[in-house]
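Here the structure is laid out as structure tokens; the discussion comes afterwards.
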Amino acid sequence: MSELNPGSDRRPSGLRRLGHEDEFMIDALAGRASAIGFGNSAIAEAILSASEDYLGDANQFDLKGVTEYSELTDKLSTALQVEKHLAVETLVLCDSADAATETAIAYARTWKPDSFRTVALIGSDHGRTAACRTASGRPELHEDFGPMMAGFAHVPTGDIDALRATVDDQTACVLISPIDLHDAARQLDVGYLNAVREVCDQHQVALIIDESKLCVGSSGAAFHFAAIADIQVDGLILSAGLFGGLPGGIFLGSKQLVAHHEPAAIQLPLQNAVATAIVSEMNELNFPSAVVEPAQQLAVMLAERVGGFEFIRDLHATGMTIGIETDISADEIVAAAVKEGLRIETSGETAIRMQLPLVCSDEDRDSLVERFGLALEHVEHESVDTAVTP
């Protein structure tokens with residue numbers, strides 16, 4: 001019997017869930033599924049309640065424009081105080097994160113005459129559809145897919161002069177994510193984000209932030225970009241943490257950005273119910289502000305646990321989104337973590353990442369830290385054994 005599950009209940013709870021070997025594990029990426037962790041009864045009740053009603057028709061687009069989700073919009077605005085960072089005119093609920101990103105690009109291409117270009121960052125990852133792959137600045141997402149879509153450009157991360165040189169009269173939007181999950185979960189610099197906002201204002205270009213892969217509220221601020229810089233944005237893409245593991249995405253747009261386009265939207269009552277339930281729970285638990293202290297404690301505990309390993313280089317923490325840089329293969333660390341019943345992911349060739357929910361019990365936190373430490377010890381021992389083998 002697994003030590004993580006001393007009873008007979010096999011349901012997920014907190015960070016704990018069954019893995020591929022039918023053994024309970026600590027999932028350090030649980031925040032991507034649910035901002036309030038696994039097994040919260042509010043999610044189950046929302047799914048059950050929605051399933052007893054009409055679940056919509058995925059093949060019938062709402063030709064009258066965007067379906068209004070007033071309760072979700074209101075609760076999201078209350079929990080995250082959205083108006084401080086984005087004057088929301090429209091909330092578009094989508095069936096995936098990629099669909100929300102495509103919705104953002106569609107709005108950007110229609111919001112002002114003769115402007116259609118999207119400028120994104122080299123190394124960025126915005127999804128897997130044709131438009132999302134093209135928007136992404138990663139060569140491996142372009143290979144073998146033939147010509148990419150027209151109207152996209154990419155500039156180096158942090159190089160504001162390159163952005164200024166690239167933005168022109170045909171540029172409709174700048175699309176960026178504030179955390180690079182492919183580079184040790186490193187955040188953009190506050191000065192750079194402020195400068196990007198200034199460039200967008202100077203050229204009347206929309207600034208769209210893609211946080212679809214970042215657990216909503218887990219930074220301790222309303223959004224990850226808001227934890228870095230106090231700026232206003234024109235569009236925002238959300239997904240991670242809002243749908244309990246179901247596919248789904250949300251695009252929030254300002255009045256000026258959404259005024260000239262009505263996307264073909266489908267009704268998504270199940271996603272609406274789950275997202276509304278999760279955001280309601282966040283509000284009840286005083287999140288995201290209540291996550292600040294636990295996130296700091298976790299970062300300190302991890303830093304202390306990994307501090308004695310020579311191959312550890314740095315730790316980057318933005319709330320519950322954590323990246324750890326090393327001198328060794330990230331694949332080795334991930335494989336060792338699996339053996340210890342811990343799920344993490346690579347964040348570049350020599351870094352790993354964790355994306356935890358806002359709700360994390362002391363027991364789950366302690367188990368995560370210990371299992372990660374044991375995984376690093378295993379890697380260290382393997383390295384020593386390899387070095388002394390003739």
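Read in order, the letters of the sequence shown are residues 1 to 390 in the UniProt record's numbering. Backbone N, C-alpha and C define an ideal beta-carbon position, used for all residues, glycine too. A quick note: this is a predicted structure, and the numbers were derived from the prediction, not measured.
Asked: How about Cys94 and Ile250: do their beta carbons lie closer than 9 Å?; Found: yes
Asked: Would you be able to state if there are at least three C-beta pairs under 8 Å between the stretch 196-213 and the stretch 154-169?; Found: yes
Asked: Under the three-state reduction of DSSP, which class applies to Ile228: helix, strand or coil?; Found: helix
Asked: On the premise that Arg128 lies in contact with Asp98, defined as a C-beta separation below 8 Å, what is that separation, rounded to the nearest angstrom?; Found: 6 Å
Asked: Given this structure, state the Cα-to-Cα distance separating Asp364 from Met320, to the nearest angstrom.; Found: 13 Å
Asked: What residue range is occupied by the uninterrupted beta strand (DSSP E) comprising Arg355?; Found: Per the sequence shown, residue 355 should be read as Gln rather than Arg. That run of the beta strand (DSSP E) goes 351-355.
Asked: On the criterion of 16 or more Cβ atoms from any shown chain inside 10 Å, does Asn272 qualify as buried, or is it exposed?; Found: buried
Asked: Hey, could you find the ends of the beta strand (DSSP E) Met282 is sitting in?; Found: Met282 -> not in any beta strand (DSSP E); alpha helix (DSSP H) instead, spanning 269-284.
Asked: How long is the line joining the alpha carbons of Leu238 and Ser51, rounded to whole angstroms?; Found: 24 Å
Asked: Cutting at 6 Å between CB atoms, please list the residues of its own chain near Pro6, excluding the five before and the five after it.; Found: The predicted model places Pro6 with a pLDDT of 41, which falls under 50 and marks its position as unreliable, so this point remains unresolved.
Asked: Can you list, in chain order, the residues of its chain with a C-beta nearer than 7 Å to that of Glu345? Leave out the 5 residues immediately preceding and following it.; Found: Leu29, Val334, Ile352, Arg353
Asked: Could you please give the first and the last residue of the uninterrupted beta strand (DSSP E) stretch that includes Cys94?; Found: 88-94
Asked: Thinking C-beta only, is Glu262 closer than 9 Å to Leu236?; Found: no
Asked: With distances taken between CB atoms, is the gap from Ser115 to Ala172 smaller than 9 Å?; Found: yes
Asked: Given a threshold of 16 other Cβ atoms within 10 Å of its Cβ, counted over all protein chains shown, does Val205 qualify as buried or as exposed?; Found: buried
Asked: Between Gly241 and His182, which are expected to be in contact by the criterion C-beta below 8 Å, what is the C-beta distance as a whole number of angstroms?; Found: Not confirmed; about 19 Å, so no contact.
Asked: Please report how far the alpha carbon of His381 lies from the alpha carbon of Gly244, in whole angstroms.; Found: 38 Å
Asked: What do you get for His260, buried or exposed, if any count of 16 or more other CB atoms within 10 angstroms of its CB means buried?; Found: exposed
Asked: Answer yes or no: do Ala79 and Ser280 have a C-beta to C-beta separation smaller than 9 Å?; Found: yes
Asked: In the DSSP assignment, find the beta strand (DSSP E) that holds Asp210 and state where it starts and stops.; Found: 206-211
Asked: Since Glu89 and Lys255 should fall inside the 8 Å C-beta cutoff, what is the C-beta to C-beta distance between them, to a whole number of angstroms?; Found: 4 Å
Asked: Assuming contact is defined by CB atoms lying nearer than 9 Å, are Ala184 and Gly348 in contact in what I supplied?; Found: yes
Asked: Does the stretch 282-289 come close enough to the stretch 306-314 to have 3 or more Cβ pairs within less than 8 Å?; Found: no
Asked: Do you know offhand how far Asp82's Cα is from Arg133's?; Found: As written in the sequence, residue 82 is Val, which differs from the Asp given in the question. If I take the Cα positions, the gap works out to 28 Å.
Asked: Just verifying my parser: in three-state terms, what is the DSSP assignment at Met301?; Found: helix
Asked: Under 8 Å by Cβ, that's how I've got Glu325 and Asp314 pegged, so tell me the actual separation to the nearest angstrom.; Found: 4 Å
Asked: Considering only their Cβ atoms, is the gap separating Ile266 from Phe38 smaller than 9 Å?; Found: no
Asked: So, under 8 Å CB-CB, Pro269 and Leu55 are touching, yes? Tell me the CB distance rounded to an integer number of Å.; Found: 6 Å
Asked: Return helix, strand or coil for Thr110, following the three-state DSSP convention.; Found: helix
Asked: Any idea which residues DSSP pairs Ala187 with across the strands?; Found: The identity of residue 187 in the sequence shown is Gln, whereas the question assumes Ala. Paired residue(s): Ile179.
Asked: Residues in the same chain with beta-carbon distance under 6 Å from Val258, minus the five sequence neighbours each way, listed in chain order, please.; Found: Glu89, Thr90, Tyr107
Asked: So, using beta-carbon positions, are residue 440 and Val155 closer together than 9 Å?; Found: Outside the shown range of the chain, which is 1 to 390, sits residue 440, and nothing can be said about it.
Asked: Which residues mark the beginning and the end of the alpha helix (DSSP H) in which Ile237 is found?; Found: Ile237 -> not in any alpha helix (DSSP H); beta strand (DSSP E) instead, spanning 235-238.
Asked: Considering only C-alpha positions, which residue in the set Asp180, Val167, Ala165, Ala226 is nearest to Arg138?; Found: Asp180
Asked: For Asp169, name the three-state secondary structure that DSSP assigns.; Found: coil
Asked: Identify the continuous alpha helix (DSSP H) that holds Thr73 and give its terminal residues.; Found: 70-80
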